[in-house]
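Student: UniProt numbering puts the first residue of the sequence shown at 1, with every later residue one more than the last. Glycine included, C-beta positions come from ideal geometry on N, C-alpha and C. If you're wondering where the values come from, they're calculated on a predicted model, not measured in any experiment. Take a look at the following structure, please.
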Amino acid sequence: MNISKDKVVAQIQGMDPVWISASVPESITYLLNDTSQFAISIPAYPDKAFHIEKWNILPSVDPVTRTLQVRLQVSNPNELLKPGMNAWLKLNAQSSEMLLIPSQAVIDSGKEQHVITLDSQGRFVPKSIKILHESQNQTGIASGLMEGESVVVNGLFLIDTEANISGALERMHQPDKPVPVISGMTMSSDNSHAGR
């Protein structure tokens, strides 16, 4: 194929607007909806604000990083933003109020999730829970716990050794079957973990 010098072979796309790709952890995707608002900052221009015109979520999760890709269309009238620059993305969102417990208190069997609680007589009792989400070592609880209940955070191995936790979890379907008290346990009261 012969091309003469007056023919257009390719045209470089303009730099206004630009598309910015961001990786968002799948654990916070429940916060993303049509009204979600993002703010973007560019380390190269710490004092400049950039306007996000629109955004969308790509339809798949990266299986290695467990993140969703979000694409944002950003105004770039002075063409300050260049391909390959770094950017920080902030999601301005607020989740509904929920009960939070330390994630290390959750026993996940693969089919069900449980916690070990302390009853009014000082005995350890396994409870089945339903989880809303987990992020930053905190787990949001949908059901199974009440605010103010204490859960075992550290020392679950002591319960396993002393009381055979697998047997206790099998008794989970028989309510109010306590597990013997073990010294050396660390407890966490949910009062300090209730939040937004």
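Leaving out the 5 sequence neighbours to the left and right, which residues in its chain are closer than 8 angstroms to residue 104 when beta-carbon positions are compared?
Tutor: On the sequence shown, position 104 is the one that residue 104 refers to. Correct list, in chain order: 137, 153 and 154.
Student: Restricting to Cα atoms, I'd like to know which of 99, 65, 54 and 113 is closest to residue 75.
Tutor: Sequence index remark: in the sequence shown, residue 75 carries index 75 (1-based). Comparing Cα-Cα distances from residue 75 to each of 99, 65, 54 and 113, the minimum goes to 54.
Student: Using a C-beta cutoff of 7 angstroms, does residue 116 count as contacting chain D?
Tutor: Chain labels in this structure do not include chain D; a single protein chain is all it has.
Student: On the three-pair Cβ rule with 8 angstroms, is the region 67-74 touching the region 121-128?
Tutor: At 8 angstroms Cβ cutoff, the stretches do not touch.
Student: Count Cβ pairs between the region 34-54 and the region 79-92 that sit closer than 8 angstroms; are there 3 or more?
Tutor: Contact between the region 34-54 and the region 79-92 is present, because at least three Cβ pairs lie under 8 angstroms.
Student: Alpha carbons only, please: which of 30, 51, 24 and 85 is nearest the one belonging to residue 62?
Tutor: Within the sequence shown, the letter at position 62 stands for residue 62. Out of 30, 51, 24 and 85, 24 has the C-alpha closest to the C-alpha of residue 62.
Student: May I have the straight-line CA-CA distance separating residue 143 from residue 129, to the nearest angstrom?
Tutor: Residue mapping note: residue 143 aligns to position 143 of the sequence shown, counting from 1. Residue mapping note: residue 129 aligns to position 129 of the sequence shown, counting from 1. So the alpha carbons of these two residues sit roughly 6 angstroms apart.
Student: Leaving out five residues before and five after residue 22 in sequence, what residues of the same chain have Cβ atoms less than 6 angstroms from its Cβ?
Tutor: The residue labelled residue 22 in the question sits at position 22 within the sequence shown. Same-chain partners within the cutoff: 70 and 89.
Student: What residue range is occupied by the uninterrupted beta strand (DSSP E) comprising residue 25?
Tutor: Numbered from 1 along the sequence shown, position 25 holds the residue referred to as residue 25. Element bounds for residue 25: 18-25.
Student: Report the option in 58, 2 and 116 whose CA atom is closest to the CA atom of residue 107.
Tutor: Against the sequence shown, residue 107 aligns to sequence position 107. Ranking 58, 2 and 116 by Cα distance to residue 107 puts 116 first.
Student: Using the C-alpha atoms, what's the distance from residue 28 back to residue 19?
Tutor: Position 19 of the sequence shown, counted from the start, is the residue given in the question as residue 19. Position 28 of the sequence shown, counted from the start, is the residue given in the question as residue 28. In a straight line, the C-alpha of residue 19 is about 22 angstroms away from that of residue 28.
Student: Give the straight-line distance between the Cα atoms of residue 101 and residue 109, rounded to the nearest whole angstrom.
Tutor: Locating residue 101 in the sequence shown gives position 101, counting from the first residue. Locating residue 109 in the sequence shown gives position 109, counting from the first residue. Approximately 18 angstroms, taken between the alpha carbons.
Student: Which same chain residues end up closer than 6 angstroms to residue 113 when comparing Cβ atoms and leaving out the 5 residues on each side of it in sequence?
Tutor: Start at 1 with the first residue of the sequence shown, and residue 113 comes out as number 113. Excluding residues within five positions, the ones whose Cβ falls inside 6 angstroms are 106, 129 and 131.
Student: Please go through the same chain and pick out, in chain order, the residues whose beta-carbon is closer than 8 angstroms to the beta-carbon of residue 17, but skip the five residues on each side of it.
Tutor: What you label residue 17 is simply residue 17 of the sequence shown in a count that begins at 1. 53, 73, 74, 75 and 76.
Student: Pop quiz: residue 99 and residue 145 are said to be a contact at Cβ under 8 angstroms. What is the actual Cβ separation, rounded to whole angstroms?
Tutor: Within the sequence shown, residue 99 is the residue found at index 99, counting from 1. Within the sequence shown, residue 145 is the residue found at index 145, counting from 1. Right, their Cβ atoms sit about 6 angstroms apart.
Student: With a Cβ-Cβ cutoff of 7 angstroms, do residue 133 and residue 45 count as a contact?
Tutor: By one-based count along the sequence shown, residue 133 stands at place 133. By one-based count along the sequence shown, residue 45 stands at place 45. No, the pair does not count as a contact, with Cβ atoms beyond the cut-off.
Student: Hey, residue 79 and residue 15: beta-carbon distance below 7 angstroms or not?
Tutor: Taking the sequence shown and counting its residues from 1, the one referred to as residue 79 is at position 79. Taking the sequence shown and counting its residues from 1, the one referred to as residue 15 is at position 15. Contact: yes.
Student: Here's the rule: buried if 16 or more other CB atoms are within 10 angstroms of the residue's CB, otherwise exposed. What is residue 151?
Tutor: In the sequence shown, the residue the question calls residue 151 occupies position 151. So residue 151 ends up on the buried side.
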